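Enquirer:
Numbering (the numbering used here), first residue to last: 1 to 776.
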């Protein structure tokens, strides 16, 4: 992916609002050239999350959606130029579901953050909702959200706009400008503004049915606005709510609930904060209980009196403080352990908004105050020159996807404690690519950032550092920005020496490619195999493969392969008795087999899909002619053509001798005879060794029939001494055979012992009876 500078090439999103503010359009003049001004409603959204809704599902999917970060007090967030897709905005509430999830994702950025509607700058929003808009829209509002909902079901943008406009009372001749800023400027429309407010409250109140009945909610909102007085339309705190009493039905069954928004008095909020600022609280010193008046802090025309509580998101208890209420006072006192920690702490007061019918509306409305606890000792201080130097060093870090990374930061020159010593550290990684983590050597005050980035990352992650001294005084938090993570270099796919080449091998078995003939007995065949681009190709076996090798041009049984850590694993899919089966085996190279055929390889097929260890040894021939030479032997050929080299196990484990197997099919005065001889030049080779690795020998053919069975005759082994050395001879008694048909093909097959299949290759030869035999 090509990287775009976040500063040099960007578009700005301005999320401006309704209510009493008239600064929306004027404040948009500072957008970066080429920027896109996106306008949202209910006032500037401060600390709302701007993100790219990749699947347009109307939800912030942490981990998959691209999160651009939080808006500022003017509702702005700079995002990379060229961003494509549906932009969306997620509001946050203190301790809300999304706010909590974001804190777990990136605590340094989102912990303690919640959205503030700047029409009510002293209080947090009461709803966690998402607003969307079509990708080309410059407005995000409850009305543009209706259009996005319709488009998500497959409707075109033009059709969606027409449908929503009609639901709100528009006509094709006079459509409602759904994607305009109806808060300020030429398109200002207080009725649409009120409609948008009602839709916001109603979407939050009906999470299970709003989207499937969105246009019905729009119709009902339009009717409600039509019945309001002019003063009710203009009052920003008057927000009726539509509740669906039949959420599981297809048709909206609405009931209107009157609600005047619970608000926080800006003057009272300022008064309370000034009272808190006037307190003197010192760590480890006595604190006299303080009464702070919170009278008239909250106001709700729909209820009286108002219940006020502290939010669990508050941090004052960390200092050893207790907050209670007495009448209209907030009462602060120390717990039994006293004031145990210095720093700046929060007191979040909240009250529940209720409608006229007493039902709760949204989450509690909250407002945040700060409280400072001084330390008798001096907190560690930050050396700003060292901080700047460390940032320059971090700017030079090189991070790349898939590459191991490790760098250290020394805290010793960064933090200084003149009246104590540093006892603990707090290290945070926010918005950092997956795969990196931190580790702190407290003895030497060294922080290590290490790991392997799992992906390209075009956002600057943050490293936050804070230290605490031996009297629990905390330093300020230092934030460093990490460089972007470059795209990884994709390594070339792992290759294997067997790939991209056709190999020929001899096999024994009964499958002749014809399920309808009468011949169901084991014979010797030449099969071909080719591994290429993840597909295993082979020949389609036919009778011709008893004497010739076909080409590997067919993917049989949906066969595929993969190369992992130098190992080639082939997988076959087939049916057995109507039941789908999968079989995989590793194709292992045991060595070169140039003494058998130039370019040949000794291969072991080892099962990896069976609970039983199964393995079988093969010779892969690169020469088609050399493979065919073993199945094109004639009975009247001279001795030099009636043999084949084979690797035979030697005395020591995993060592082999080059052996020779000769064979003959003859007729004499006593009838027909056949034999196989195992011979190792200059060494003894007896039946004892044969019996260790081979369990049976057979001569098979179409017209072989004896009193013991059809199509095959078993052989017996004899150890014969010839001059100086011994050899093993397998004799096949054909005394019951009256006649051998000229031009018939017969197979010599020596099957290995199951447990020794990987150490010795099966014997596989074919011979054609010409009417004359040669046993010289």
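Beta carbons: idealized from backbone N, C-alpha and C, even for Gly.
Quick caveat: nothing in here was measured; it's all calculated off a predicted structure.
Just grab the DSSP bridge partners of residue 254 for me.
Expert: Numbered from its first residue, the chain shown carries residue 254 at position 254. Residue 254 pairs with 244.
Enquirer: Which residue comes first and which comes last in the beta strand (DSSP E) that contains residue 606?
Expert: Taking the first residue of the chain shown as position 1, residue 606 is located at position 606. From DSSP, the beta strand (DSSP E) with residue 606 extends over 601 to 607.
Enquirer: Is it the case that the segment 383 to 393 contacts the segment 356 to 369, given that we only count it when at least three CB pairs across the two stretches are under 8 Å?
Expert: Verdict: no, contact absent.
Enquirer: Using the C-alpha atoms, what's the distance from residue 713 back to residue 600?
Expert: In the chain shown, the residue the question calls residue 600 occupies position 600. In the chain shown, the residue the question calls residue 713 occupies position 713. Each residue's alpha carbon lies about 31 Å from the other.
Enquirer: What residue range does the beta strand (DSSP E) around residue 509 cover?
Expert: For this step, residue 509 is matched to residue 509 along the chain shown. Element bounds for residue 509: 502 to 509.
Enquirer: Grouping DSSP H, G and I as helix and E and B as strand, with all else coil, what is residue 333?
Expert: Taking the chain shown and counting its residues from 1, one reaches residue 333 at position 333. The answer is strand: DSSP assigns residue 333 an E or B state.
Enquirer: Between residue 145 and the rest of its own chain, which residues show a CB-CB distance below 6 Å, the 5 nearest in sequence each way excluded?
Expert: As a working note, residue 145 is residue 145 in the chain shown. 131, 132.
Enquirer: Please confirm whether residue 379 and residue 283 have their CB atoms less than 8 Å apart.
Expert: Working through the chain shown from its first residue, we reach residue 379 at position 379. Working through the chain shown from its first residue, we reach residue 283 at position 283. It is not a contact, given that the beta carbons lie outside the stated cut-off.
Enquirer: From the DSSP output, in three-state form, read off residue 649 for me.
Expert: For the purposes of this step, residue 649 is taken as residue 649 along the chain shown, with counting starting at 1. Strand at residue 649.
Enquirer: Opposite residue 660 in the DSSP bridges: which residues?
Expert: If you number the chain shown from 1, residue 660 lands on position 660. According to DSSP, residue 660 bridges with 645, 679.
Enquirer: Would the beta-carbon of residue 766 fall within 8 Å of that of residue 547?
Expert: Counting from 1 along the chain shown, the entry for residue 766 is found at position 766. Counting from 1 along the chain shown, the entry for residue 547 is found at position 547. Yes, Cβ-Cβ distance for residue 766 and residue 547 is below 8 Å.
Enquirer: Measure how close the beta-carbons of residue 116 and residue 46 come, nearest whole angstrom, since I'm counting them as under 8 Å.
Expert: Within the chain shown, residue 116 is the residue found at index 116, counting from 1. Within the chain shown, residue 46 is the residue found at index 46, counting from 1. The C-beta separation of residue 116 from residue 46 comes to about 4 Å, placing the pair in contact by the 8 Å criterion.
Enquirer: Please work out which residues of its chain come closer than 8 Å, Cβ to Cβ, to residue 180, disregarding the five sequence neighbours upstream and downstream, and give them in chain order.
Expert: Here residue 180 is taken as the residue at index 180 of the chain shown, counted from 1. The answer, listed in chain order, is 139, 187.
Enquirer: Considering only the beta carbon of each residue, do residue 252 and residue 220 sit closer than 8 Å?
Expert: One-based indexing of the chain shown puts residue 252 at position 252. One-based indexing of the chain shown puts residue 220 at position 220. Yes.
Enquirer: Nearest to residue 296 by CA position, among 269, 722, 86, 241, is which residue?
Expert: In the chain shown, counting from the first residue as 1, residue 296 sits at position 296. Scanning 269, 722, 86, 241 for the CA closest to the CA of residue 296 turns up 269.
Enquirer: Nearest CA to the CA of residue 327: which residue from 190, 291, 232, 675?
Expert: Residue numbering aside, residue 327 sits at position 327 when the chain shown is read from its first letter. Cα-wise, what sits closest to residue 327 is 291.
Enquirer: Note down, in chain order, each residue of its chain lying with its Cβ closer than 6 Å to the Cβ of residue 726, except the 5 sequence neighbours on either side.
Expert: Taking the first residue of the chain shown as position 1, residue 726 is located at position 726. Cβ within range, chain order: 684, 686, 719.
Enquirer: Where does residue 22 fall in DSSP's three states?
Expert: Looking up residue 22 in the chain shown gives position 22. Confidence is the limiting factor: at residue 22 the pLDDT is only 33, short of 50, which leaves the residue's position unreliable, though a coordinate-based value still follows. Three-state result, residue 22: coil.
Enquirer: Near residue 431, what residues of its chain come up, given a Cβ to Cβ distance below 7 Å and the 5 sequence neighbours on each side ignored?
Expert: Position 431 of the chain shown holds residue 431. So the qualifying residues of the chain are 106, 109, 459, 461, 462.
Enquirer: Going by DSSP, name the residue or residues bridged to residue 325.
Expert: Looking up residue 325 in the chain shown gives position 325. Looking at the DSSP assignment, residue 325 forms a beta bridge with 330.
Enquirer: Which residues does DSSP pair with residue 580 in a beta bridge?
Expert: If you number the chain shown from 1, residue 580 lands on position 580. DSSP, once it has assigned bridges, lists 575 as partnering residue 580.
Enquirer: Return the CA-CA distance between residue 632 and residue 539, expressed in angstroms with no decimal places.
Expert: Indexing the chain shown from 1 puts residue 632 at position 632. Indexing the chain shown from 1 puts residue 539 at position 539. Rounded to the nearest angstrom, the two C-alpha atoms are 19 Å apart.
Enquirer: With residue 129 and residue 195 assumed to form a contact (beta carbons below 8 Å), what rounded beta-carbon distance in angstroms separates them?
Expert: Residue numbering aside, residue 129 sits at position 129 when the chain shown is read from its first letter. Residue numbering aside, residue 195 sits at position 195 when the chain shown is read from its first letter. In fact, because the Cβ distance is near 16 Å, the residues do not count as touching under 8 Å.
Enquirer: Can you check the segment 436 to 507 for any beta strand (DSSP E) of at least 3 residues that lies completely inside it and give the ranges in chain order?
Expert: 436 to 441, 446 to 451, 462 to 469, 478 to 481
Enquirer: Counting only runs that start and end within the segment 367 to 411, where is the beta strand (DSSP E) found for 3 or more residues in a row?
Expert: 405 to 410
Enquirer: Are the segment 48 to 62 and the segment 70 to 88 in contact at 8 Å, needing three or more beta carbon pairs?
Expert: yes
Enquirer: By a C-beta neighbour count over all protein chains shown, 10 Å radius and 16 as the cutoff for buried, is residue 520 buried or exposed?
Expert: If you number the chain shown from 1, residue 520 lands on position 520. Classified as exposed, residue 520 has fewer than 16 neighbouring CB atoms from the shown chains inside 10 Å of its CB.
Enquirer: Secondary structure at residue 69, three-state DSSP: helix, strand or coil?
Expert: Working through the chain shown from its first residue, we reach residue 69 at position 69. In the three-state reduction of the DSSP assignment, residue 69 falls in the strand class, which pools E and B.
Enquirer: Quick one, are the C-beta atoms of residue 353 and residue 236 less than 8 Å apart?
Expert: In the chain shown, the residue the question calls residue 353 occupies position 353. In the chain shown, the residue the question calls residue 236 occupies position 236. Taking 8 Å as the Cβ cut-off, residue 353 and residue 236 do not qualify as a contacting pair.
Enquirer: What residues are listed by DSSP as bridge partners for residue 425?
Expert: Locating residue 425 in the chain shown gives position 425, where the first residue counts as 1. For residue 425, the pairing in a beta bridge is given by DSSP as 467.
Enquirer: Residues in the same chain with beta-carbon distance under 6 Å from residue 372, minus the five sequence neighbours each way, listed in chain order, please.
Expert: Sequence index remark: in the chain shown, residue 372 carries index 372 (1-based). 344.
Enquirer: Buried or exposed: which applies to residue 411, given that a residue is buried once 16 or more other Cβ atoms fall within 10 Å of its Cβ?
Expert: What you label residue 411 is simply residue 411 of the chain shown in a count that begins at 1. With 16 or more other Cβ atoms within 10 Å, it is buried.
Enquirer: Taking the CB atoms as reference points, tell me whether residue 528 and residue 551 lie closer together than 8 Å.
Expert: By 1-based counting over the chain shown, the position of residue 528 is 528. By 1-based counting over the chain shown, the position of residue 551 is 551. Cβ distance < 8 Å, so residue 528 and residue 551 count as in contact.
Enquirer: In terms of residues, what are the limits of the alpha helix (DSSP H) holding residue 164?
Expert: For the purposes of this step, residue 164 is identified with residue 164 of the chain shown, where counting begins at 1. Element bounds for residue 164: 157 to 167.
Enquirer: Just reading off the alpha helix (DSSP H) that residue 699 is part of, what are its end residues?
Expert: Taking the chain shown and counting its residues from 1, one reaches residue 699 at position 699. Premise fails: residue 699 lies in the beta strand (DSSP E), 694 to 706, not in any alpha helix (DSSP H).
Enquirer: Output the distance between the C-alpha atoms of residue 591 and residue 650, rounded to the nearest integer angstrom.
Expert: Looking up residue 591 in the chain shown gives position 591. Looking up residue 650 in the chain shown gives position 650. Rounded to whole angstroms, residue 591 and residue 650 show a C-alpha spacing of 16 Å.
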